[in-house]
Ligand code: SF4
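Chains as they are written, first to last, in the working numbering: chain A, 1 to 622; chain B, 1001 to 1342.
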């Protein structure tokens, strides 16, 4: 992938892709700036991927290193699958933001810094002995430093804001400059600001003035050298209607679609937790779609209420992140035992314990597959990107209702917050899977609540149905009748039946494909979840160099696709890159006796393409 | 409760085909019969009735009822009930729990169900012990209780379920005991209350905490030790020779003698189930050491309905959906979109 820095070195002017990182204090509005820049990028027809990276503290002390909030976007005229390894452009709104983000910047990249923020006090807070804007330490990069604070204050002066409020417009000034740099129209931003500040028109006007001033600065300032206008051509994409979507949005929409396809009202039980809460927030606004959201007193109540709703005939859904999922474990076991449908969304974050609430990790795979008492098989699906999350959510709903089982849908903090362009799907293109409740006795004169169908699923019987009164619970059930039964043969039979039911799903999911490369060969990279982008790009680059490597990305983590074992055995080597210490690798080794090798990262940051590329080259050189 | 058509049933219709497995002589048997006697009286429909329980001796209850039943996990029955009721408000939900299940591991859920005021009947079987796990002291066990886990006597102070319920915002609080003839009456009142109706039922665990409540729950001397509260009636006991009166200077209750049945002259208080302050005082009688000589307040102590949780949720959902087009295709294409031409 050509990048701005690389192209510049090669003396070219039209790069295929650019990586920009906006960084500032957590109070500087960097996520907002990034979000709006993303929208303008999407409207310009570029493909893109973003990576919001913010501190766990809501308002960390100003100017501190741990209070730095950043938003990275990679956009271009070709397919973009990751937020980019190293930025070409770093916009540093304060001293700490420069310090924290500079190491990531590409050599030869551009630093835009607000010199007004580099005061003695701020330099101290960021642990700088001398001012990096002046001491020559930034020689490796292009540097553009000007007093954005002062320029913003000047621009918004006519609106009579207080100093603090006026300085809040700094992010819009910067956004204006960025819009100029990448040749974007300002009009959509004007509209957006007017809407956002509809109740305070003077704030809207001030922000618009700041935005315009930043834009004008790029246009007219006598700064030669580093600051140049760059135009990125629109990416070649399939025709159709597009929007940007975050993983949390896509999952919410997918769950709504799934419930509709099942022809059921949805009940969502949630409890506030980062980064899963976004799903609760989205669904709380979709009541007209037959969605009931319930903010429970704790994680346990959230899942129990969802199971209760499923028992009563709705599609019960709950969502959380690692620590909350741990609390839900016992209830998942009950849903497995009582064979009721349920979707559990896990937005993974760095662990163990509280871990890294705002950073991403894939370390809940063991928890998802194995993390319950007893033999408690449960299907697990992992989404690879925000757009893919929509499909995965529908698939989770389908399996839950068709197999009368809880299903865990794995996503992560990166997918939840990242935005990407999404071709708006047509709901009519999905095959409906309407639920049929049992309304009459199913064994002549008798009711058998645990009589299994061809899929191994028991009937779904809503309380309120005349003549079908029966009791269910967490104690082992007798085959067929569902009455309490502790007998050894029965427990063996029921354990086997629960396992067979979930194992059988392997025949009802698509065969595993190779998403880049060939079936069989020297090396396969096997990924799952949000590592899709970096693995895909790394494999693409390696293949361009003529290396024999393929990319397999697994959506169905449990049960695994029926052909996966044979597929893996068709390669000499298998590497499993994942953001944990090797969990999926272990599952694959266990299930297929293949020599899957780990490539692990647990820094709370997504993989870089280069890291995976290096692993490919090393493996093939061995 | 809910207002559906009355269904004619008999006690027999409510007996499931499952063998009852409590210890012989357990107070649970009497409660089971009282409930099976109550349901025909209120015209309940077995198909529309759901018994939801947690874990413990009491929580086996749903298996023995010929209705829908969900035996869930320890302490969480209130959360399941909440999901069931929100999904189908027509269902008539009876929650069965115990002192360990409802006040210890599930205290949080009991609290939140009560404050939200979900329409259901909560029967808390209080036997002051963990029965199913073989006799450990519970959160309602009196201080000094000897048990396998407290061989030197428990040091924890017990909690009072009714005080917990009132403190959590319950709008209906009542008391009864397993073998009481009046238990069905109390349950009928609980069922008639729209909202969360909390009923503490003292229950004799004859194996691990035998005859714990004999100081007031046996027929002998019951007149002196039981104060049956009835809305609009004077708070009399001891065959009408004694009553409960307000000790105004001390802002508390006192016992007064009633001569020749003239309770008015004796300033006996008239029970008012909407008087929350009075309810707070009544539930303390005989339980708090200061009131050890008072009779145990039984019957409906507090009953003052207000809108239920599910009602409010349903109304809000309906209002939010009003005039909105639930078109999924439109929803998916919402926000700032752009078209890529072919
Ligand atoms: S242990 Fe006690 S409460 Fe449990 S069934 Fe036996 S007598 Fe009843």
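From the three backbone atoms N, C-alpha and C, an ideal C-beta is built for every residue, glycine too.
Could you name the residues of the same chain whose beta carbon sits closer than 8 Å to that of residue i, not counting the 5 residues immediately before and after it, in chain order?
i              : result
residue 210(A) : 152, 155, 156, 169, 170, 172, 173 and 176
residue 503(A) : 377 and 559
residue 234(A) : 44, 45, 46 and 77
residue 430(A) : 257, 261 and 394
List the endpoints of the continuous alpha helix (DSSP H) containing residue i.
i               : result
residue 551(A)  : Unbroken run through residue 551(A) is the beta strand (DSSP E), 549-554; no alpha helix (DSSP H).
residue 209(A)  : 201-220
residue 329(A)  : 322-338
residue 258(A)  : 247-261
residue 268(A)  : Segment 266-270 is the beta strand (DSSP E) holding residue 268(A); no alpha helix (DSSP H) there.
residue 1317(B) : 1309-1321
residue 1248(B) : First-last for residue 1248(B): undefined, no H or E at that position.
residue 613(A)  : 609-621
residue 386(A)  : 386-403
residue 231(A)  : Run containing residue 231(A): none; DSSP gives neither H nor E here.
residue 187(A)  : 187-196
residue 535(A)  : 532-544
residue 981(B)  : The requested residue 981(B) is not part of the displayed model; chain B covers only 1001 to 1342.
Between the beta-carbon of residue i and the beta-carbon of residue j, is there less than 8 Å?
i               : j               : result
residue 1116(B) : residue 1309(B) : yes
residue 328(A)  : residue 299(A)  : yes
residue 1235(B) : residue 1199(B) : no
residue 949(B)  : residue 1038(B) : No answer is possible for residue 949(B): it lies beyond the span of chain B, which begins at 1001 and ends at 1342.
residue 427(A)  : residue 257(A)  : yes
residue 343(A)  : residue 400(A)  : yes
residue 104(A)  : residue 87(A)   : yes
residue 529(A)  : residue 412(A)  : yes
residue 527(A)  : residue 570(A)  : no
residue 1338(B) : residue 247(A)  : no
residue 1302(B) : residue 1183(B) : no
residue 620(A)  : residue 523(A)  : yes
residue 1084(B) : residue 311(A)  : yes
residue 404(A)  : residue 1068(B) : no
residue 501(A)  : residue 456(A)  : yes
residue 1137(B) : residue 1154(B) : yes
residue 89(A)   : residue 65(A)   : no
Once the 5 residues before and after residue i are set aside, which same chain residues still bring their CB inside 6 Å of it?
i               : result
residue 1125(B) : 1058, 1098, 1201 and 1203
residue 1027(B) : 1178, 1203 and 1204
residue 534(A)  : 82, 607, 609 and 612
residue 273(A)  : 320, 321 and 324
residue 1008(B) : none
residue 1127(B) : 1203, 1205 and 1209
residue 1285(B) : 1291, 1294 and 1297
residue 1270(B) : 1234
Considering just the uninterrupted stretch of the beta strand (DSSP E) at residue i, what are its terminal residues?
i               : result
residue 134(A)  : Segment: none, residue 134(A) is in no beta strand (DSSP E) and carries neither H nor E.
residue 1263(B) : No beta strand (DSSP E) holds residue 1263(B); DSSP gives it neither H nor E.
residue 414(A)  : Not the beta strand (DSSP E): residue 414(A) falls in the alpha helix (DSSP H), residues 413-417.
residue 1296(B) : 1296-1303
residue 596(A)  : 596-600
residue 1046(B) : No beta strand (DSSP E) contains residue 1046(B), which DSSP labels as neither H nor E.
residue 1071(B) : 1068-1071
residue 577(A)  : 571-578
Ignore the nearest five residues each way along the sequence and tell me which others in residue i's own chain have a CB closer than 7 Å to its CB.
i              : result
residue 556(A) : 381 and 509
residue 161(A) : 206
residue 208(A) : 190 and 193
residue 421(A) : 42, 47, 48, 242 and 244
Name, going along the chain, the residues of the region 304-315 of chain A whose beta-carbon falls closer than 7 Å to a beta-carbon of chain B.
304, 305, 306, 307, 308, 309, 311, 312, 313 and 314
Near-chain B residues of the region 253-278 of chain A - C-beta to any C-beta below 9 Å:
253, 256, 257, 260, 265, 267 and 269
Contact list for the region 159-170 of chain A against chain B, Cβ threshold 9 Å
none
Cβ-based contacts, 7 Å cut-off: residues of the region 1071-1098 of chain B near chain A:
1071, 1072, 1073, 1076, 1079, 1080, 1081, 1082, 1083, 1084, 1086, 1087, 1088, 1090 and 1091
Selection of the region 324-336 of chain A by Cβ proximity to chain B, strictly under 7 Å:
330, 331 and 334
Which residues, taken in chain order from the region 398-426 of chain A, show a beta carbon closer than 7 Å to some beta carbon of chain B?
424, 425 and 426
Residues of the region 45-57 of chain A whose Cβ lies closer than 8 Å to any Cβ of chain B, in chain order:
45
To be precise: take each residue of the region 1039-1055 of chain B, compare its Cβ to all Cβ atoms of chain A, and keep it if any distance is under 9 Å. Which residues remain?
1045, 1046, 1047, 1048, 1049, 1050, 1051, 1052, 1053 and 1055
Mind listing which residues of the region 1129-1147 of chain B have their C-beta closer than 8 Å to chain A's C-betas, in chain order?
none
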